[in-house]
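Be aware that the sequence shown starts at 1, since it is given in the numbering used here, and climbs by one per residue.
In this text, a Cβ means the ideal position worked out from N, Cα and C, and glycines have one as well.
Written below as structure tokens is the structure these notes are about.
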Amino acid sequence: MKNKKIYIAIIVALIVAIGALSAVLIYNNINSQPAAPTQGVVGEIRTDWDTGIDENSKGSDNTKKTGVQIPGYSTAEMNAGDTSLHISIGNPKSNTCGLYATLRLSDGTVLYKSDLLEPGSGLTDVPLSKSLEKGEYQAMVLYECVTLDDSHQKLNSAESEFTLKVK
């Protein structure tokens, strides 16, 4: 009789635990935010990358851009735990060199390193090597310019610093 009461207590405790776990899972599922839509596969380097600026506009001689063009950022946002960042990293069509892009935090943590980005190619959903916790991070994209021939000889580099806000 005593063993029967113990078994009943264990079964009741298991049912309560399963019910509580189910309630938590249902609550999290109902209150979760849908993922932001992407413009293709995360991490896919596209040859039709859009810089978001009119590269065909003709300015006066004083405003005409010369040299290597590098995308710049002031802030980027993502959710804690995400494994990708919606940010436009690429090589504008007007460039005559290739670019390698490295996304890293100010402490040196590398979050992404691209393959060669030829002029006009880039990506808008960057896969990250690790997820980040909630907070503000100082981040940068290091662009390394190389020749487009088979040697990919290094030319120069540029950094684009920004604040990464993780919600």
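Asked	Found
Cβ-Cβ distance between A158 and I87 below 8 Å	no
Given 8 Å, three or more beta-carbon pairs between the region 126-134 and the region 77-86	yes
Whole runs of the beta strand (DSSP E) within the region 132-164, excluding any shorter than 3 residues	135-146
For S121 and N95, the rounded distance between their alpha carbons	11 Å
Those residues which DSSP pairs with E77 across a bridge	K165
Exposed unless 16 or more other CB atoms sit within 10 angstroms - verdict on D149	exposed
Own chain, CB closer than 7 Å to N156, minus 5 neighbours either side, in chain order	C145
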